[in-house]
Every structure is written in structure tokens, then in C-alpha cells.
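Notes for the one structure printed next.
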Amino acid sequence: MDGKRQECRDHQSLPSPTPGGSKRRRVLLGALYNLHSLASKVEQLKSLGRELAMGSHHHGHSKEFLDLIKSIGEARSKAEEDRIVLREIETLKRRINDAEIPNRKMKEYIIRLLYVEMLGHDASFGYIHAVKMTHHHSLLLKRTGYLAVTLFLTDSHDLIILIVNTIQKDLASDNYLVVCAALNAVCRLINDETIPAILPRVVDLIGHAKDAVRKKAVMALHRFYQKSPSSVSHLLSNFRKRLSDNDPGVMGASLCPLFDLVSDDADSYKDLVVSFVSILKQVAERRLPKAYDYHQMPAPFIQIKLLKILALLGSGDKQASGHMYTVLGEIIRRGDSVSNIGNAVLYECICCVASIYPNPKLLEAAADVIAKFLKSDSHNLKYMGIDALGRLIKLSPHVAEQHQLAVIDCLEDPDDSLKRKTFELLYKMTKSSNVEVIVDRMIDYMISISDDHYKTYIASRCVELAEQFAPSNHWFIQVAHNLMRLIAEGFGENDDAADSQLRSSAVESYLQIIGELKLPSVFLQVICWVLGEYGTADGKHSASYISGKLCDIAEAYSNDENVKHLLRVSLFEKYHIFLLARRPGGSSHQLSRGGDLGGVESQSKRGAWAVTVKVRVRFPAGVIAEGEIVGAEAYAVSALMKIYAFEVAARRKVDILPECQYLIEELLASHSTDLQQRAYELQTLIGLDAQTVETTMPQDASCEDIEVDKDLSFLNGYVQQSLEKGAQPYIPEDVRSGMRNMNNFRSQDHQESLQHGLRFEAYEIPKPPMQPKVTPVSFASSSDIVPVPEALSSREIHHISSVGSTSEAGSSELKLRLDGVQKKWGRPTHSSPASSATVSASYSTSEKPTNGATKVDGATAVNSRVRDIYESRKAQVEISPEKQKLAASLFGGSTKPEKRSSTSHKVPKSNASTSVPNEVAMEKTIHQPPPPDLLDLGEPDVTTAPPPVDPFQQLEGLLDPSFNSATDHNVGAATNSPDIMAFYAEATASGGNSIPVIGDNINLLSELSNAAVKAKSGKTIVTPSKGLNAQDSLQKDALVRQMGVNPSSQNPILFRDLLG
Amino acid sequence: MNKVLGGFGRGVGRGIIRMGIRFVLMVNKQGQTRLAQYYEYLTLDERRALEGEIVRKCLARNEQQCSFVEHRNYKIVYRRYASLFFLVGVDNDENELAILEFIHLLVETMDRHFGNVCELDIMFHLEKAHFMLEEMVMNGCIVETSKSNILTPIQLMDKTS
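Shown next as C-alpha cells:
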């Protein structure tokens, strides 16, 4: 297939001005006229071109280098790549220290070092050679040296000191390219301490004759400002001056520092508003050289930067904003909504409009653009649309209503980026009427993803919203509950690091809290549990510290039986943890996961004390305690137990604090049997050996199911042994006593009536009142609250308590529960190309208010309503009722769909102009109109009125004449190029090195002539280095052969044109 | 509470330097890095980890999905050309579409210099690809977008050496 491609390149060399090229052209033209012999001629031509190319070793790469690149390019796996690089490191280490390495060779070594680092290996052994290379007098070597140094070193590296001197010298060079190379390095390598050594020279260069130097000097100064603002505080006026530089490149560069300056202190730059506006206007009117055009858009990157600056300057400043309205309106009006870059500029306009003092007309125009974005099929545009909507929504809340269904589509889209952006939007438009739906959605999503960073982020958002808008305490608790589940159950699979982080942050925050005030006992229970279970898990706190804290709690709340209990539990747990675990959780990223927990706390503080946190605490000896039924003291003991157990299990010496000892002793004599038992358990446990402790109190196992081996099968061996030794086999009791109705024993109802004699078995633990089985339908009707915690946890508890009773029901429920859990916490499934319906189903558990029943019946009734709501949907897409419901709850507050349809009727633009909210009108300071002479621009071009002589127009004349034509050509080439590319694609797709068949030839021919025509018209001036020319292609060809890579072999992909 | 939230802002722990572009990566379909330029310092291990994570993330996405991915504190704007992915890590405030077009401008510029630029060109001329990037981006800001301005120094260098 690539054989064909070679031909293409040869053909392409037709218009080449080189002598060899014209010769070949004749050959080729001959071929063109003789269709029949074309194939053979092409072959001939190919070999000719190859020979020609082989002769020229333009690239100067050594065989070794080519081989290296070849092998890296063909590496099939990371492991293979690593092997290659390691071998390369060995070679380089051996050779790079040789005495006499020719310059060219040294440059190659340095580039090979770049590869070593790029592919993830340490190349520090060669850094010094890169530094040395910067001293070289040859520009290419020097620049390569600088490049390598900037890639290898940070500005605090020891070697930098060896470079500063070189930089200083180079900044004074006569060769402006050397100066530029040095300035590049300045931006990367100069730190606070070395700034003074370089600064004077850089300042001098700001007035350099060459625009390239001025530009880079501005950026160097910018860097100094970033690194150490005080070092250049007296030089800031330079940036203002460069704003009116004759060269648009320098002007564009000066916008970068100005953007930073304005961000830091907008007030000091209000006088520049007029200048910025005027520049933006000129740019938009195409006054800049064509070279800055990008896809027919005049200097879009400069426009965008200007818009960003204006957004900052106009924020909260009515007067400054007033200057901008016209130009903004103009840019939006002329906006090109077809190309990406056009939309990028439009988007930036919206951002600006949303940021400055509101103008009704502009807001309306912005809303129109957003509508276009959202209606687009492109996800990119939708994404930008959602983002823009989020910006505009504070100013004109009604805008969102027009797009409710589009928004919901984005929310349900399997594309994660889009979904997150939409959450961002929802976050911004949350109010008390829709907070429940939004938070529920967020939590569902949070559960479904595995990205810790985002999980934390969205959790904190949830908490924030819940705090701010909670309609009821009850709901608030629900949310907290949901979030809290994440603590114990973890975030899903395979992210231990995240879990342990979450846990340690929980510990941190609770440790802070327990010092504070009198805490409600329920909350204390939670705290004790968390401290016990995870207090020492991250190794930050010693067991004795945590247990000390717990004892403090026990003392402070000694009246509160609950607390004491809990404390014991958690002290216990603490030691347990400490010992055992030390999971490999020294996690690298320090992202705090405190957000969710913080929320839990604050929510609890809010008075959400009613939360019955049903915490399962695992006890040794299979005793299961339910948090809700034991007192806090019990918790404390259990926590203590865990902690000590962990210590023991980790084979560490357990130092029991005196106060703990005291507590335990006290409890041993407690009146509460429960407390007593716990205390005894604790005592016993501490005495056990590590192995046993480890098994009885495994760390972080609170959520694991305890399997109760009812048959005691683990004793089988022992029994067998005993039997063999002649022990009496066990005869079941019912057999012994002849009681046949043992089965009835299990059902309490019957039991009572049937048994009249004494009973020897313990009474069964009373079952908690059966919760009605929660079905999806029942909740779909209420539509807002996700009652996950209640339903699930109560079932959970039920299960646990019933394990002891060995009832059949218990085991069947065990199964049930597992199902629920798996669904709830399983991985998200949206990677599959499933429809949105299945997707939403996949992360909605059975409790979730979606699809299901409503979908079936609602469809007919609702369709008619929808039609009005969302006319923009051309094809009357069927809108599912649940989507509507969602829309209603998100946008219409509590309004019923009927009502909503009427509101959405009145939505459109009429009120867009009227309802600019007053809150936004906060003007910081009314700024004085800039005095005409205040511009401080040195040069008199940019003034309030459009300058009589346009600086850029003048500029255009100054530019070298070939410039324009060259760029013209470029535009042509760019637009034409798809043809060629397409041709390549076709050609490459259609076969290997074989002689082309006739059919292909015809194709080829037409393309050829196309190319020829194009060449004639476009390429009158061809600069030697310009792409698409013959020599390049040939060189590339030659290179390829030289290195022996056969395009059709291993990795043809390496050869594919990027733009093809 | 708010303090905790504050931690989630962008650029956590990385100093306060404002920069639009935090890194530019070129990675092929197999996940092999072809060019990497970071505008803030990351250790070798951090780079390795980051590249692995984001490449995996981006490779998993399909054509219809949008070209923007959030990752930690970065937003990744990516674009695929033949076998090569161009990934640009930006601050959250950056105009994603503009960055997307910046990538294209970079490719166009390389195409103009190399002629039908392909992965192999970048591999053979790694330093040149870097030089172009050096002209276009400084301190994480886009400073030059005129192709001729970008390429002039490189052409002059070719001539003199």
C-alpha cells in the first residue's frame, strides 16, 4: 500500500524547480501520454526518484540513530520500548563521555537523551553534556542544547548556575537567533535568584530592532513577573508600551502579561480598555497581516486573548463595559458559526458578555449563539454551549428553560465530559425547588464513576448544595447518609488508595470535632466508629493518641451510656487497625477527600441528629453488635478493642494507656452486661496471640459479609479424628429425644403453641419490623428522593441480626442483599454504546426514580405537551416522559408539566431584554473616563477614536513583499490539500507494492493532473523548505529506505500523513 | 468546609502561576509518547503516570464524544491525526475550542515544514518539532500563530548549519 504512496510522492515532485525534477517531469509526462505503459514507467520513475534521493544525505542522521528510531517506532509494547531504551542508555553512557566527539554526533546523542527521558527513563547522566552544548557557537547546536536543558532541568537544578553565564553572553549576541534561543531558555530556567543577573539585559532587548526578539523579551519579562512580581514591579509599563508595538506578534505577546496584570489588579488598567477595544476592532476588521489569519478568521487567538482581558476589565464596571458593547455586538453578528475557530471566538464573546456589565441586546445575541451550540450535533459544541449557558444563567435565568431538553440530553449522554459539564451547569442553577433532583443525580453519578478526583469534587458540590438549599432536614440527612456510605463501603473496586484517603480525612475531621462542643450521642457514635475503624489506618496517628482521645470522650460523656460504649468499640478498633494494616496507601496525590465528610459533619451540626447510623461493628468471637442498639460507651470499647487488636496483630507491643486501663476496669464491673461483655472481650483479645487476633479482627472488614458456618464444617476434621479414636458419634437432639417437630422450632408462631415444656434454647432475637419491600414503582411516583439508605441499611441490619437465629429466611435475604449491593456499587456501564435508557438504568438501582412504570403509561399524554416546549427539535423526537419529568423538576421547580408548558411559552426573547437582574448591577467603582493622554503608550496610534492611520495597515506595507503572496499560497494550499490527502488515503488503501492495475491508474491520472494544475497555479514562489515539494518527499522517501523501514511491513501507520 | 473545598481548585500545590497551557503531548495509538513538553515541572515519575492515565482515558473515547476530558486539575483537549494523538493539558479557564484549533495550527505548521507530515517526521526531527512549539508557546501562553513567523527561525537555522 505504501508503495503506491511512494509513487504519489514522486508524482508530486513534478513541479519541482530542481534540475532533477524537471528531468523526471519529462519522464513522467511521457508516461502520462502513454497510458498503456504507464505502470512500467511509474516503476521506472520510482526507482529513479529513489536513487536521486538516496544520494542526498540531507538529514545527516547516522545509521545508529535511524536504527534507534526505527526500533522505537516498531516497538509493539511498552516493555519492548523499555528494553530498547535501556539498551540505548547503556550505549550512551559508554560513549557520551568520549573525548573527541564530533559536534554533529554530540547533537545526535543529546537528541537520543531526549528520547530516553521522553520515554520515561532517567537521562541525568547526560545532563552535563546538554549544558555544555549550550556553550557551542553553532546556532543549531546551541539551540538544541538549550532545548535539551529546558526539557531536562527545573529552574532549581544545580546545573543551572552553569548556564546563566552562557545565557548572559548569548543575550548580548549579534545574531538575533542566538538571542532568541537564549530568551527561550530564560523563560524556562531562570528562577527568583537568578533574575537580577539577567534582568537588565532582558529589559534592553525589549527595544530590540528585531520583532522576534522583542516578543521573546516581553515573554521573559512576563515570566519574571510570574516568578517574582516584585522583581519587575518597576518595569510593568513596558508591557503597556508593547501593546502598541508595530509588530502584531509583539502586540499579541504583550497581551499575555497584560492578562495576568489585569487579573491581579484590574483597576490599574481600566485606562487601557479603550485601547484593547480599538485593537480588537481592528483585528476583527482584518487589519492585521494575513499571516495571522487562521481558517479565514482574522487573528482569532489574539481576538480571544483580548476578549478575555475585556471580560476582566468590564466585570462590574458599567462604564468600561460601555466601551465594549459595540465591538462585541459586531463580532457576534459577523461570527462564523461553521468553523471551530469561529465558534471559539463566539464562545469567548459569550464569556465576555456574561462577565461584563450586562447589556440586554448582547445577552440576547449570546443566548442565540448558545442555542446554536446546543442544537449542534457536535459534542464539542454542545459542551461549549453548556458551559456558556452556565455563564449566562446568572444573568438571564430564563435562558436555560429554552434548552431544558437539550440540557437533559447532555446530562444523560454517555459522554462523561459532557455529563460533567452539565452537572456544573446544574450546580449553578440549583435552587431549593430543584436541589433534590440535582443532588440525587450527582450522587448517583458519583457512585457510578471510579475517578477519585472527580468523585471528591462532586461530593463537595453535593454537600455545598445540600447545605445551601436543603428543603428539609429529613432530606438533608438522606444525602448525608448516602455520602457516608461511601466511607465504609469504599468507592468501588480497586481504589484502595482513594478509600484510605477518604478515611484518613474522615479521621482528621472527626478528631478536630471531638474537641469542640457537646456533641449529640448519635454523632459521637459515628465518630467513635470511624476513629476505631480507621483512626490509625494511615499511620499518621499513634494508637495511643487515638485511644487517648477516645478515653477523653468516654469521660466527657460518661453519663451517656451510649457514648461510653461506642468509645470502647472505637478505641478497640483503633489498635486493631494500627497493627494490621498499614495498607500500601501512601498515596501520591494529596487530593483531599474531605469534602464529602465535611458535609456530613456540617450537616450533622445542622441538627440532623435523627440520623440513626446503623453501623455494623464486627466483634471477635462472632458477636455482632448493632450500633443502634448499643450505647456510646459500648462503641468506645469496641473501638478500643479494634485498636488494640490491630496492634496485637501487627505484633507490636500494646501499651494500654492508664486511662484506657481504668476505663476497661470500670466497665468490667459495669451493670450493663453488654458493656461488661465488651470489656471482657477486649481484655481477652489483648491477651491472644497475633495470628488469632488477625483472624478475629481483620482490618477494614466492616463491610465484608460474615459467613457463618452453620454446619460447623471446619470441625469435621476434628470430629473425624475423634471418631477414629473411638469417640461416640453425635446424635442430633431431636433424634435423641424423639422429638419430630424440630422443624417447627424455627417458626416462632408455631413453636409457642406446640411446645409446652421447658425450652432450653435461647429465644430468638426479635425481628425488627419488616420494611415493606421497596419497589421501583413506589418511588417513581415520589420522583425526587432516593431512599437508598433507609431501605438498604435496614435490610442489612435485619440480615445481620437474623444470622444468629439461623433462620432460612436469613440466608435467602443474604442473597437478596448482595444483589442490591452489587448493582449499587458496581462499575458504571456507560462505556458500552447502549442507549441512554439502558445507561441510566444501569446506574440507577431499583430504588431510583426513573424509567419503569412511568415510561409506559405517560408516553401518549405527554407528547403533545412537549411539542410546544421544545419546538427547536425539528423532527419531533419522541421525548420520554421521565425526561420531561426531569426537565420539570430541574427547570420548572415544583411546577407540574402542564404548568411548565405554559411558562415555556412565554419564555422566548421578550423577557430576555427586560429581566436583567439588579443584583448583577453591582458596580464596584465608577471609573473616570480615561483622560486622552493617559494612555501611556509612547506611540500615538491607539486612541479613543479609531486612529486616523492604522498601524497595522502601515505594517502591511513594511512586510516583505513575498510575505503576502506566500501566505496567499498557503491559504490555497490549505484548502486544496484535502484533495491530495484524500488521494493519498485512497492510494494507500488500495494495495501494496504491486504494479497498479489499470483501474487505479485512471484514478491516479486524474489526481495527477489535478496536482499538476494546482502546482502551476499555486506554486509560483516556492520557498525551498515549504512542504509538499519534491525534495522533501524524496528525502523522506530516502530516509525511509535508508533506515530500512519498509512501509508496508511492521508499522505502516508511522507513515500516514497526519492530515490525510 | 470552605477551606476543604478550596483544595479542589485548579493547580493545587503547584504554585499560583497562571498558564493556559500546561503541557503538550503527542502520543500514538499504542500509547507511545512521541513528543512531550511540560510548561510546569513534573518529575519523571509524575510525567509517566500522567501520560499513562490520560492516554488511556483519551484512547477509550470514540469519535462522537467531545474532544475534552477532565483529568485531575487539568482539562485535556485532544485531537487525533492518523495514528497520532495531540493532547494539550490546559487550565480550566481555557477556551477549549481555541485549543483544539491551536492543535490544528500546530499540525498545519508542521505539515508546511515537513510536507505531508507524519509520525515518522516528528520522530526523526524531534528537536524541530520542539522548536516550532517553542515559537508558538511561551510560559504556557500562545504567543505566535503566524506560520511564517514560526518557521522562519527554523528555516534560517537549517540554512546556516
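Chains W and X, in that order, are what the protein sequence lines are.
According to this note's numbering, the first sequence is numbered sequentially starting from -5.
According to this note's numbering, the second sequence is numbered sequentially starting from 347.
Backbone N, C-alpha and C fix where the C-beta goes; we use that ideal spot for every residue, glycine too.
With respect to the beta strand (DSSP E) encompassing residue i, which residues constitute its N-terminal and C-terminal limits?
i	result
E416/X	F414 to H417
I367/X	I367 to N374
T379/X	T379 to Y384
Which partner residues does residue i have in the DSSP bridge list?
i	result
I422/X	V415/X and G435/X
C464/X	D1051/W
S309/W	I350/W
M291/W	Y288/W
Y427/X	L430/X
V483/X	I488/X
Since residue i and residue j are thought to touch, with beta carbons under 8 Å apart, how far apart are those beta carbons, to the nearest angstrom?
i	j	result
R281/W	R236/W	Not confirmed; about 18 Å, so no contact.
R234/W	L266/W	7 Å
C412/X	N374/W	5 Å
K101/W	L135/W	6 Å
V125/W	L156/W	5 Å
A142/W	L108/W	6 Å
L62/W	R106/W	6 Å
I468/X	L381/X	6 Å
I344/W	S315/W	With 8 Å as the limit, I344/W and S315/W do not qualify as a contact, their Cβ atoms being about 15 Å apart.
Which residue comes first and which comes last in the alpha helix (DSSP H) that contains residue i?
i	result
Y377/W	H373 to L386
A176/W	Y170 to L183
K204/W	Taken as a continuous stretch (DSSP letters only), K204/W belongs to no alpha helix (DSSP H), as it is neither H nor E.
K163/W	I154 to L165
Y341/W	N334 to S349
M127/W	Y121 to T128
H392/W	H392 to Q396
M423/W	Where M423/W is concerned, there is no enclosing alpha helix (DSSP H), given that its DSSP letter is neither H nor E.
T678/W	T667 to G681
K264/W	Here K264/W belongs to no alpha helix (DSSP H), and DSSP marks it neither H nor E.
K493/X	K493 to T506
K879/W	P875 to F885
R77/W	K72 to R89
P283/W	Run containing P283/W: none; DSSP gives neither H nor E here.
Please tell me whether residue i and residue j are closer than 8 Å, where the distance is taken between their beta carbons.
i	j	result
A500/W	Y528/W	yes
L651/W	C522/W	no
N374/X	E465/X	yes
T498/X	L451/X	no
E389/W	L340/W	Checking the sequence shown, residue 389/W turns out to be Leu, not Glu. No, the Cβ-Cβ distance between L389/W and L340/W is not below 8 Å.
R368/X	Y385/X	yes
M440/W	A453/W	yes
M378/W	N337/W	yes
P242/W	P283/W	yes
V271/W	S248/W	no
K302/W	F253/W	yes
C346/W	L383/W	no
K493/X	E447/X	no
L634/W	S707/W	no
R195/W	F477/X	no
I154/W	I192/W	no
L880/W	I364/W	no
Taking only beta-carbon positions, decide if residue i is within less than 8 Å of chain A.
i	result
S411/W	Within the model displayed, chain A is absent; protein chains W and X are what it includes.
Practice task
Scan the region 431 to 472 of chain W and note each continuous alpha helix (DSSP H) run of 4 residues or more that stays entirely inside, going in chain order.
Solution key: The region 431 to 472 of chain W contains these whole alpha helix (DSSP H) runs: 446 to 463.
Exercise for the section: Identify every run of the alpha helix (DSSP H) within the region 188 to 249 of chain W, keeping only runs that are complete inside it and at least 4 residues long; order them along the chain. Expected result: Those alpha helix (DSSP H) runs which fall completely within the region 188 to 249 of chain W and span 4+ residues are 189 to 199, 205 to 221 and 231 to 237.
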